[in-house]
Structures are given as C-alpha cells and as structure tokens.
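Residue 111 in numbering that gives the first Met the number 0 sits at position 112 of the sequence shown, and the numbers go up by one each step.
Here a beta-carbon is modelled for each residue, glycine too, at the ideal position from N, C-alpha and C.
Remarks on the structure that follows.
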Amino acid sequence: MNTHTQFQTTAPIFHNWLTADDFLAFAKGISKPMTSNIDDMKAKVDAIFSDACKRGSTYETVVHNFFCAGVEGEFGTDETAPEFAEVFMYAREYGYMNATENAAREQADAENGYCHHGLDAMTCPCGCFEFDGAEEEQEIYIVPGYLED
Numbered sequence: 000m001n002t003h004t005q006f007q008t009t010a011p012i013f014h015n016w017l018t019a020d021d022f023l024a025f026a027k028g029i030s031k032p033m034t035s036n037i038d039d040m041k042a043k044v045d046a047i048f049s050d051a052c053k054r055g056s057t058y059e060t061v062v063h064n065f066f067c068a069g070v071e072g073e074f075g076t077d078e079t080a081p082e083f084a085e086v087f088m089y090a091r092e093y094g095y096m097n098a099t100e101n102a103a104r105e106q107a108d109a110e111n112g113y114c115h116h117g118l119d120a121m122t123c124p125c126g127c128f129e130f131d132g133a134e135e136e137q138e139i140y141i142v143p144g145y146l147e148d
C-alpha cells in the first residue's frame, strides 16, 4: 500500500512583457547613482566624511584615507565625469585627493619619516616601524612541546 500521496497543482503563469530593450533600459537606470541631485550628492559627501571621522578617530591621515576611499566608492574615480564634477569639487573642500595625489603625499610622508598612517615611530599604534627587514633573515625557534596540549 502506497502511503505517499502526490499532490499536483498548476503553477501560476507569469508573462514576461519586457522586451530586451526594456530590460537594458531598466538595468542602465539602476546602475546609475541613486541620487542625481547635487544637494543630495553633497549630503552624501558630508555623510562619508562624518563616517570617516568616526572610523579614523583622531588620526587625521586615517580619516583622510577613509574619506577618499568612500568618495571613490560612491562616485567613482573620474572627476571630470559631467554628472560628478561638481561633487568632486565639493569633496576637495574636505581635502579629497585622487589615488595619484595620495601616493605622492604618502611618498613625501615616508621621506619625512612618517608611515602611511601619517604618524612617526613614536606614535603609530599599528607597528609600522617595528619591522626593519633584519628579522626576515632570522629563524624563529619554537621550544618543542610548547604549542602542544
């Protein structure tokens, strides 16, 4: 005796009324920035800077790096794009720099004895100055049995 009962039902029918052109137009529309109004984009830059300040705390260079990355993440890297030129000018009021400018700043900092966080050997909590390359040639010796339970 078969105790399993099979249920059959008709599946609802869905019609796809979109043509390929309709779909492409829709896809292009959702890939554009969510805001096209310059005031909304400036508000977004304000929010990005505020978030960078919270994340970077009192470390100015860290805040700057978070801010620049946030602007590029939101608006891309093309400062000359017509839809973003004004918002990049606004971001520059906060100190925005593109990748080339940031690399030049980091190089100048390094030449002056600062790490990529903008701090010196006495103030960087990340340990940027703890490795001088000499450790690379030394072997690490672990006492046998030390890591065993």
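Quick check: what's the CA-CA separation for residue i versus residue j?
{"i": "Val-61", "j": "Ala-90", "result": "16 angstroms"}
{"i": "Asp-50", "j": "Arg-104", "result": "22 angstroms"}
{"i": "Asp-119", "j": "Tyr-58", "result": "12 angstroms"}
{"i": "Ile-47", "j": "His-63", "result": "11 angstroms"}
{"i": "Gly-94", "j": "Asn-101", "result": "11 angstroms"}
{"i": "Glu-78", "j": "Pro-124", "result": "34 angstroms"}
{"i": "Phe-128", "j": "Asp-39", "result": "42 angstroms"}
{"i": "Gly-69", "j": "Ala-80", "result": "17 angstroms"}
{"i": "His-115", "j": "Ser-56", "result": "16 angstroms"}
{"i": "Gln-106", "j": "Thr-99", "result": "11 angstroms"}
{"i": "Glu-71", "j": "Asp-45", "result": "14 angstroms"}
{"i": "Gly-117", "j": "Glu-110", "result": "11 angstroms"}
Which whole-angstrom value is the C-beta distance of residue i and residue j, which I expect to be below 8 angstroms?
{"i": "Cys-67", "j": "Met-96", "result": "6 angstroms"}
{"i": "Phe-65", "j": "Gly-75", "result": "Not really, about 17 angstroms apart at Cβ, beyond 8 angstroms."}
{"i": "Glu-73", "j": "Lys-43", "result": "6 angstroms"}
{"i": "Val-86", "j": "Lys-41", "result": "6 angstroms"}
Please classify residue i as buried or exposed, where buried requires at least 16 neighbouring CB atoms within 10 angstroms.
{"i": "Met-121", "result": "exposed"}
{"i": "Ile-37", "result": "exposed"}
{"i": "Gly-112", "result": "exposed"}
{"i": "Gly-126", "result": "exposed"}
Considering just the uninterrupted stretch of the alpha helix (DSSP H) at residue i, what are its terminal residues?
{"i": "Ala-84", "result": "84-92"}
{"i": "Asp-77", "result": "That residue, Asp-77, is in no alpha helix (DSSP H); it is neither H nor E in DSSP."}
{"i": "Ser-49", "result": "37-55"}
{"i": "Thr-99", "result": "98-110"}
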